[in-house]
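Next up, the structure:
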């Protein structure tokens with residue numbers, strides 16, 4: 133099938149990635165505001181979308197793409213695409229799965245270390261003539277602590293590798309979907325167990341599962357009561373996996389010592405969210421994968437898949453493989 137190679141960009145992408153599309157004969161449709169109305173008006177002419185996170189491709193929007201053949205996400209997740217609708221319309225949805233692995237793992241580690249070393253509180257005290265906090269608010273070592281992972285995919289296993297090799301952490305993990313043959317590859321240094329056991333044993337808990345109906349509110353007040361009151365929880369995956377009101381309660385009551393969140397129920401975070409006032413919570417604006425290097429990797433993978441599709445190559449990292457049948 134001959135394509136016109138028309139690609140819509142709802143949001144700007146990195147210059148290297150845009151140039152790659154142009155160098156490979158693609159015609160670009162750019163959006164000014166990334167609103168539903170603007171994208172819907174321009175979508176009918178497009179055969180491909182290079183999609184960031186600024187807009188959700190709902191069934192209503194997908195239905196406007198009468199010539200649309202593929203949606204290529206620059207990120208690892210596809211939760212801003214209605215996969216059921218895309219499949220029904222015969223549209224291939226793919227993601228840049230794996231491109232952000234090291235960046236997100238590093239961000240999770242930075243949060244764990246910052247909370248363990250109490251950097252937020254100490255920095256604030258030094259800036260407010262509280263230098264004597266050095267005598268009253270000791271930090272902790274990373275060495276020998278237990279890292280618990282909920283999800284042991286690319287990012288979770290990379291974080292485990294960092295903590296095991298650099299600090300000698302004991303690694304425990306829960307992943308009900310990881311095949312036994314894969315678990316065997318790690319059996320010399322990772323202990324797989326049920327989620328309750330991970331929560332009870334860990335000094336640091338890091339979440340690396342997607343947001344689904346099954347994982348929404350996966351971590352709630354009952355979960356926090358299982359954890360050590362000295363423990364830290366970090367979420368660089370998706371908001372909604374941790375029940376935020378329950379987290380606020382657990383932090384306030386001392387059920388856990390601290391939390392690091394890169395993702396939230398509502399993004400941007402609401403102005404009245406009590407987490408904003410908590411010293412024992414470190415918050416970042418969903419930027420774990422937005423390093424200078426990672427955004428280029430993700431964008432390049434996204435456009436390379438589009439060009440490969442136009443060239444008739446077998447699609448990679450497809451989120452709805454049933455569409456290929």
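In this note's numbering, the protein residues as written are 133 to 457. Beta carbons: idealized from backbone N, C-alpha and C, even for Gly. This structure is a prediction, so every number in the text was calculated from the model and none was measured.
message: Which residue marks the beginning of the beta strand (DSSP E) containing residue 391, and which one marks its end?
response: Sequence index remark: in the chain shown, residue 391 carries index 259 (1-based). 390–393 is the span of the beta strand (DSSP E), which, as asked, contains residue 391.
task: Name the residue from 198, 220, 216, 179 whose alpha carbon lies nearest to the alpha carbon of residue 204.
output: In the chain shown, the residue the question calls residue 204 occupies position 72. Measuring from the Cα of residue 204, the nearest candidate turns out to be 179.
field: Every unbroken beta strand (DSSP E) inside the segment 309–363 [3 residues or more]
entry: Counting only runs of 3 or more, we get 322–324, 336–339.
task: Would you mind reading off the limits of the beta strand (DSSP E) that contains residue 368?
output: Here residue 368 refers to the residue found at position 236 of the chain shown. Secondary structure note for residue 368: it is in no beta strand (DSSP E), with a DSSP letter that is neither H nor E.
query: How big is the Cα-Cα spacing for residue 315 and residue 324?
result: One-based indexing of the chain shown puts residue 315 at position 183. One-based indexing of the chain shown puts residue 324 at position 192. Note on geometry: alpha-carbon atoms of residue 315 and residue 324 lie some 8 Å from one another.
query: In angstroms, rounded to a whole number, what distance separates the CA positions of residue 433 and residue 281?
result: Translated into the one-based positions of the chain shown, residue 433 becomes position 301. Translated into the one-based positions of the chain shown, residue 281 becomes position 149. Pairing residue 433 with residue 281, the inter-Cα distance amounts to about 27 Å.
query: By DSSP, does residue 246 sit in helix, in strand, or in coil?
result: The residue labelled residue 246 in the question sits at position 114 within the chain shown. For residue 246, the three-state secondary structure derived from DSSP is helix.
message: For residue 299 and residue 292, I'd like the C-alpha separation in whole angstroms.
response: Within the chain shown, the letter at position 167 stands for residue 299. Within the chain shown, the letter at position 160 stands for residue 292. About 10 Å.
query: Taking Cβ positions, are residue 256 and residue 271 nearer each other than 7 Å?
result: Taking the chain shown and counting its residues from 1, the one referred to as residue 256 is at position 124. Taking the chain shown and counting its residues from 1, the one referred to as residue 271 is at position 139. Not closer than 7 Å, so no.
- request: Return the bridge partner residues of residue 435 from the DSSP annotation.
  value: Here residue 435 is taken as the residue at index 303 of the chain shown, counted from 1. Answer is none; residue 435 lacks a bridge partner.
- request: Report yes or no: do three or more beta-carbon pairs, one from the segment 359–373 and one from the segment 389–406, lie closer than 8 Å?
  value: Yes: at least three Cβ pairs fall under 8 Å.
query: Do you know whose CA, among 211, 241, 196, lies nearest residue 279's CA?
result: For the purposes of this step, residue 279 is taken as the residue at position 147 of the chain shown. Answer by Cα proximity: 241.
query: Should residue 355 go down as buried or exposed, given a rule of 16 or more other Cβ atoms within 10 Å for buried?
result: Taking the first residue of the chain shown as 1, we reach residue 355 at position 223. It counts as buried.
field: residue 373 vs residue 347 beta-carbon contact at 7 Å
entry: As a working note, residue 373 is residue 241 in the chain shown. As a working note, residue 347 is residue 215 in the chain shown. Note that the C-beta distance between residue 373 and residue 347 is below 7 Å.
message: For residue 220, tell me which candidate among 191, 173, 244 has the shortest Cα-Cα distance.
response: Counted from its first residue, the chain shown places residue 220 at position 88. Residue 220 has its Cα closest to that of 191, out of 191, 173, 244.
- prompt: For the segment 152–171 against the segment 210–228, are there 3 or more C-beta pairs whose distance is under 8 Å?
  reply: By the Cβ rule, the segment 152–171 does not count as touching the segment 210–228, because fewer than three pairs are nearer than 8 Å.
message: Could you give the first and the last residue of the continuous alpha helix (DSSP H) run that contains residue 408?
response: Counting from 1 along the chain shown, the entry for residue 408 is found at position 276. Where residue 408 is concerned, there is no enclosing alpha helix (DSSP H), given that its DSSP letter is neither H nor E.
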